[in-house]
Each structure stands twice: as structure tokens, then as C-alpha cells.
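> Letter by letter, the sequence shown follows residues 1 to 776 in full-length UniProt numbering.
Each residue gets a CB set at the ideal place from its N, CA and C atoms; glycine is no exception.
Structure provided below as C-alpha cells; questions to follow.
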Amino acid sequence: MSSFYSKEMAFGNVYTAERFASHLETCMDIGSLRKVHARIFGCGFGDNIFLGTKLVNCYADFGVLPESRLVFNRIINTNLSLWNSAMVGYFRAGYFEEVLRLYSGLKVQGICFDSYAIVFGLKSCHELGRMDFGGGIHGDAYKVGLNGDKFFGPSLIKFYFRCGIMEDAERVFEEIFEKDIVAYTSMITVYAQQAGFHTMKAFEIAFEMHREGLDANRVSLVSLLQAAGKEEALHEGRSIHCYALRRGIDLSDEVLETSLVDMYTKCGARAEAVSFLRQMRRSVASWNALIAGINSYDCEQSSEALHLFYQMVHQEGLCPNSITIANVLSASSESTCAHLVTSIHSYVIRRELPLDLVVTTALIDSYSRCGKVRCARELFNRLGVRDTVLFNVIIAAYLRNGVVDEVIKMLNTMAKEGVRPNMVTLLILLSGFADLADVRSSRCIHGFVLRQCPQKDMDISNQILHMYTKCGSIDVAKKIFNSMTDKDLVSWTVLMMGYVNQGHADEALALFQLMRRNGEKPDSVTLITLLQALSQLGMLKQIKELQGHIYRISLERDSAITSAIILAFAKCGRLDLSESIFGSTEERSLNLWNTMISAYGMHGYCREALELFHQLRRQHLKPDSLTFSSLLSACSHAGLVEEGWHVFNSMKSKYSIVPQEEHYSCMVDLLGRAGHLKEAYEFVKGSPLRDKTSALSALLGACRVHRNTQLGEIIGMQLLEIDPHNSSTFAMVSNIYAEAGKWNDAATLRLLARDRELRKMPGYSLVELEVHTNNV
């Protein structure tokens, strides 16, 4: 820099503000910037507003906030353009708090706002989640007459969406006087990122935009494809594809190409995704979208994702990036695919691909998912610098494998290394301990979370609520719910789900009514929970009324809700209504097929369930883990042992699906119902399951039915060793003793249960007779 100045001086060049501005733009580091700044002062330009604004932004770009502030404070005046330039510079540098500080300074100085200051102030609130400040900016916009402004409106829409207030975002959109493509695109993008029926509203806005004579741009098309993929709306996705072709839009654009591939794979149209990909230039990003889409839609068919990876690398000659490796690892992390994870790890090393944060995180996660926690820990230990993200991954790995002691040790290691848990850490802990369903551990982690996050956060509060409901501590969950000053829809829904799962459907209905009185509008998850509660109570009339409401608010196309209605009618004994809904549904997702198979199974119609399975295959849909659970349950209810064995053995041999705990339990239940108790016991003993509680519990029930006291006693003692506080096991073994005439043993066991304060909840059924629902 000094030699540069020497040359300038040698030629007798006179410095002007414009010349200094060009020098500022060429500064590559903070040192050269400070030298130019010093020369600006030396030449008498220290109070120049034009150069001062440039210096403010340059210091902000280099992350030197104190010096940026000093420059601004020196040249500060009532010129709005100066304040706006500084706000833009701070925003681009990521100093959102500083933008809000300047915005507040404008108000203190009494300088009139314009749309520029308000938009960047609002964008900063959007980034920081400052709803309170953003609401104030919205008020300022009204004062200066910017309400309904088409330039200000899109920023306000995104702000309210970020704060989770869709009603206000919709109201702002409606108030915009002259809606242009930016306003429409903002609303489409916001809806596309929502869940449930809100997602499909993106297409309503697109249709309205088309009626107004505006053509969708690339951003809106990508958002619409995202919405179609999320809701598995293949018809709408194809329509967007055709629209782009009619408009002559270049689909080779990487973002648009990737979005189309992603949409087709998420909608289950893998053949169309591959066909489209073959017509395009096939970038690494589009292959990544195809592999990721296969994983998300059909996560148990890892072979297809691996085959695509092979095609990409060996046939197309493309070099995979970190995202590719992470997607392939995700497809390989089933329990029987541990060798694939190791192979991919070896491939990364052989090809000298970078072991960056993305790949390392994916490897640790994949090793943990296939039970190789030690390999995950060794990889973690090799890392020199470990941040919160990596600690989160290894903590989740231990929780997934039920290794609670190591989780506590890892939290201590974080403290020693000075790594602070973030919000994600706390949510992982709460979610993991909820899955473990251990009340004592959950209370400990609750205390830890409160110490780390003393300020009440809605997501944290909802997750604590969820944890206690999963642990069966519904009274504790209710106390926490009542103590929450702010409750959102998730809070109400989580407690409703807790009531339903614990068999307190009447409490769930009362809570739903209270929620409606508080002005909360139910979403698809809330309505599904309500359907479950009504089916538990056998309230057929109310289920029909709720079905009508769902149709009125256009939620009937939501696959999860349709499945819940089918199941609710089946549980109330109206299989004919379930069949009618299934038959009238045009686009049937795999979840819908699984639900109908399950409905047939619970009514003992195994032949119909098997026929439906064959229809599913003829539709070129691939069954998943839940499909086989439903089929095995149907075989169990019908007592068809041979068919059950055929279904179970075909899972791995024909469909490459690894049987899980629920499949073994279904097979044990099937063998137990048929009286093949010894065969069932040997089957459980030879299974690869780490937790055999569910299967043994099913077999214990069969031992009582078939009065096999000897085997029942053996299994009962094994279950009591695993969980000495399980009241159902105590009751079952005691009944087996009583029915065999071993009254002393039965009495001893009941006394032991009483000493431990164990009490079995009585079971009951509900039948609706005309207007009354009666206990049976």
C-alpha cells in the first residue's frame, strides 16, 4: 500500500474523495484499510460524509465493529441516507443488533423514516426473532403511511412468518394495495414452508397470481415444487413442471432442476425423477437431490440409494461432495448395513475426500444408528477441535442407544472444554430422555435444562411437556402446562396426545374444548389426536361430525388425516366406512395403504389384508416397516401361522427390510395365539433384539391363555428382572399362579407388588348405543 501511495505522489496526483473511495474498495485486509483511513485524515477528509459512510461499511465488512462505530459517531448528522447506508452495511455484515440500535437512534434524533430504514430494521428483527421490536416497526410504518406498500409488505410477511403468526402474515398480504410478483412470491414461499393445509395454500396464491396476469418466476416455482414434495401432491407437482415447459423456462438451472428431482422422489415417482434427470445435464446437486429424496420417501430401501451413488460415481464420472456422502451414509445406517457404513468411510479415506464437519457428523450419526457406538466415539475422540454441533451428535448417539451414563459424562466433558450447550443440545436431551421413558432421569435432565436456560422458551417448555407425557407422568405434565404463561398450539396438542396415550381420552376432549375457548385453531396434528380420542371413547357420531368439519376446511387431501379417519371408523366397528373412504381417495400414499391393511387386520380379515398388500405391489409402491407390522398383526388376529412366517421371512429376503422389535412381537403373538409356545420362546431367544421386553410380554399373555404355568413363570421372572416396577407383569404372573392353583405363590407376588405401591390400571371397552356411550 505504501509503494502504491509513493507512485501516486511521484506523479503528483491530487487526492479526491472519489479517488479515496476507489482505494477503499480495493482494501483486502484490515491493515490496508487502516492505512487508507489514516491517509484520509491526513488529507483533511476526516469529516467527509461520503467517505465516512464507506469507512463505516468497510470496517463492518471486516468485523471491526468498534472502529465502525467511531467513524459513524464522528460524521453523524440528520441526513437519512447516511443512516440508511450504515444500516445496510451492518445488515450485510450480520450485525443485526447494530441495525436496530441505529433504528432506535433515528427515532431519538427525530429523523423521519423512509421505506429503506423500515425494511432493513424489520429484516434485522426477522433474523433475531425480535417480535416485540418488529411489532413497533410495523406501527412506525403505519404512522408514515407505508401500510399496504408493495415494497414493505413482503418483508413484513416474512417477519410474521418467522415469528409463527401466520394470521398476521396473511392480513399484511391482503392489505397490500397493488400486489406485484414479489408480494405473491413472498406469500407462496411462506406457505410452502408451512405444514399441513397451509402448505397447499401456496397453490391457491399461485392461481390467484395467474388470474391477475402475473407469471410465476423461478423463486415461486421452486417454492411450489417444495410444497408439492412436502405434501406428496404429485398432480400439482406435474402441473408446475408442465407450466415451466409451456413458458419455455430453462430447466437446466441447477436450483430448478434439483427442485424437480426432489419433488418427484418425495412424491414416490422415482421413475419420473430418473427420467427427468437423464434429460438434464445431471449435476452433483441433482444427484444429491435424487439420493436424498429416495432416503426420505423410502428410508428402508437403502440398496436403491446406494445403486444411484454407484451410477453417479462410476457411470457418470462425477466426484461426490460432502452432501453426497452424508446422504449415502443416511441410507446405509440400518443395523444390518454396518458394513456399508464402514465401506463408505473407507471410500472417503481412499479417495482423499475431505473429512469436514458434514461428513464427520454423518459418520458419527450413522455408526450410532447401526449400533457401533464405540466407532462413533473413536471418530469423535480423534477430532482436535470439537464444537457444540459435534457434541450434539455424539449425545444423540448415546441417547439413541440408551447409554445414559455416557451422556452425563459427555455433558461434563463439554463443561471442561468450555463448550456451552445450545438450544439444540437441550432439545436433543429432552427428546432422548422422553424416548427412554425413565421418570427419574427425566427429572434430572429437567433440572439441568432449567439451569442452562432460565428464561422460558416455548420450544423448551413444549419438549419438557412432551418428555413427561412420554414417561407417563401426566399429572406432572398437567402442572407444567398450567404454569406456562404462554401456550401455543403445540403445547395444547402435546398434552392432548399425552392424555390419549395414557387412556384419558375424556380429559383430551375437555382440553380440546378449553383450547378452542382460548382462541387456538387446531391444525392437522391436533385433529388427528382428537380423532384418536373420539375412537377411544367409541363416539361414532362425533367422528362423523369431525369428518364433515375436515372436509369443510379442505383437509381431506391430507394423507395423515385421511388415515386417522379410516382408523377411527375401523376402531368403532364401521369397517364399511373405512373401505368407502379408502376407495374414494384418488391419490393413495403408502401410509394410507398401511392404515387400511391395519383396519382389516384388527377385524380379523387377514385374506383381505393380504389382497390389499398385493394391490399395493401392483401399484409399484414399496412396502415399509409399518406395512409388515400391519400384515403380521392381521395374520395374528386370524391365526394364520404359515402366512405369517411367509410374510416375516419375505421382509429381509425379498424387500431388504430388517425386522424390528414390533415385527418380532407380532410373530410371537401369532405363535402364542396358535399355541406354539415353545417355538415362540425359542424364536425370541434367538432373535437379535437388544430389548426383548415387548416380545416376552406378548408371550407371557399367551402362556396364561394356554395355561402353560411352567413357561409363564420362567418368562415372568425374566421380565421382572428387566423391569421390577412393571405392574402388568406382576398381575399377569400372579394370575398364572392363581389359575394353576398356586395360591401361595400368587399371594406372595401380590404382596410384593403392594409393597412397591404398584397398581394395574383396569381395562375397559366402550360401545356407543344411540346417544349414550357405555363402559363394558
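Tell me which residue opens and which closes the alpha helix (DSSP H) that ILE176 is part of.
Where ILE176 is concerned, there is no enclosing alpha helix (DSSP H), given that its DSSP letter is neither H nor E.
> State yes or no: is the C-beta of SER584 within less than 9 Å of the C-beta of ILE561?
no
> Let me confirm a value: GLU545 is counted as buried when at least 16 other C-beta atoms fall within 10 Å, else exposed. Which label applies?
exposed
> Tell me whether residue 788 sits in a helix, a strand or coil according to DSSP, three-state version.
Because the chain here runs from 1 to 776, residue 788 falls outside it and cannot be looked at.
> With H, G and I counted as helix, E and B as strand and the rest as coil, what does DSSP make of GLU545?
helix
> Determine the closest residue to TYR600 out of ILE543, CYS572, GLU586, GLU174, with distance taken between C-alpha atoms.
CYS572
> Excluding sequence positions up to five away, which residues of its chain have a Cβ less than 7 Å from the Cβ of THR16?
none
> Give a yes or no on whether the C-beta atoms belonging to HIS138 and GLU587 are separated by under 9 Å.
no
> Is the separation between the beta-carbon of LEU531 and that of LEU495 shorter than 9 Å?
Taking 9 Å as the Cβ cut-off, LEU531 and LEU495 do not qualify as a contacting pair.
> Verify whether the separation of the beta carbon atoms of ALA510 and LEU534 is less than 9 Å.
no
> Is MET263 closer than 9 Å to VAL284 when the C-beta atoms are compared?
no
> Beta-carbon of TRP593 versus every beta-carbon of chain B: anything under 9 Å?
Among the chains of the structure shown, chain B does not appear; only one protein chain is present.
> Could you check how far apart the C-beta atoms of ASP691 and GLU661 are, in whole angstroms? I think they sit under 8 Å.
6 Å
> Verify whether the separation of the beta carbon atoms of MET602 and HIS549 is less than 9 Å.
For MET602 and HIS549, no; Cβs fall outside 9 Å.
> For the alpha helix (DSSP H) that MET28 lies in, which residues bound it at each end?
It is not in any alpha helix (DSSP H) - MET28 carries neither H nor E in the DSSP assignment.
> Looking at VAL476 and ILE460, is the spacing between their C-beta atoms short of 9 Å?
no
> Output needed for VAL500: all residues of its chain with C-beta closer than 8 Å, excluding positions within five of it in sequence on either side, in chain order.
ALA508, THR529, GLN532, ALA533, GLN536
> Classify PRO421 as buried or exposed, calling it buried when 16 or more other Cβ atoms lie within 10 Å of its own Cβ.
buried
> Assuming LEU306 contacts ALA331 (C-beta within less than 8 Å), just tell me the rounded distance between them.
6 Å
> Suppose contacts are defined by Cβ-Cβ distances below 9 Å. Is GLU254 in contact with SER286 by that definition?
The answer is yes: Cβ separation under 9 Å.
> Round the Cβ separation of LEU156 and LEU106 to the nearest angstrom and send it over; I've been treating them as touching at under 8 Å.
Incorrect: roughly 18 Å between the Cβ atoms, too far for contact.
> Rounded to whole angstroms, how far is the Cβ of TYR664 from the Cβ of VAL684, which I believe are closer than 8 Å?
With a Cβ gap of about 7 Å, TYR664 and VAL684 count as contacting.
> Expressed to the nearest angstrom, what Euclidean distance is found between the alpha-carbon atoms of GLU417 and VAL373?
22 Å
> Excluding the 5 residues flanking SER259 on each side, which residues of the same chain have their C-beta closer than 6 Å to its C-beta?
VAL222, LEU225
> Which of helix, strand or coil does DSSP assign to GLY153?
helix
> Near THR526, what residues of its chain come up, given a Cβ to Cβ distance below 6 Å and the 5 sequence neighbours on each side ignored?
THR493
> Given this structure, state the Cα-to-Cα distance separating LEU711 from LEU670, to the nearest angstrom.
LEU670 has its alpha-carbon roughly 17 Å from the corresponding atom of LEU711.
> If you run the structure through DSSP and keep just helix, strand and coil, what is VAL144?
Coil at VAL144, not helix or strand.
> Count the other CB atoms, across all protein chains shown, that sit within 10 Å of the CB of GLN463; report buried if there are 16 or more and exposed otherwise.
buried
> Give every residue of the same chain whose Cβ lies closer than 7 Å to the Cβ of SER335, excluding the five residues on either side of it in the sequence, and list them in chain order.
Residue placement at SER335 is poorly supported in this model, since its pLDDT is 45, which falls under 50; the coordinates still yield a value, given next. The residues are CYS370, GLY371, VAL658.
> Pick helix, strand or coil for SER473, following the three-state DSSP scheme.
coil
> Can you tell me whether ARG618 is buried or exposed? The criterion is at least 16 other CB atoms within 10 Å of its CB, across all chains shown.
exposed
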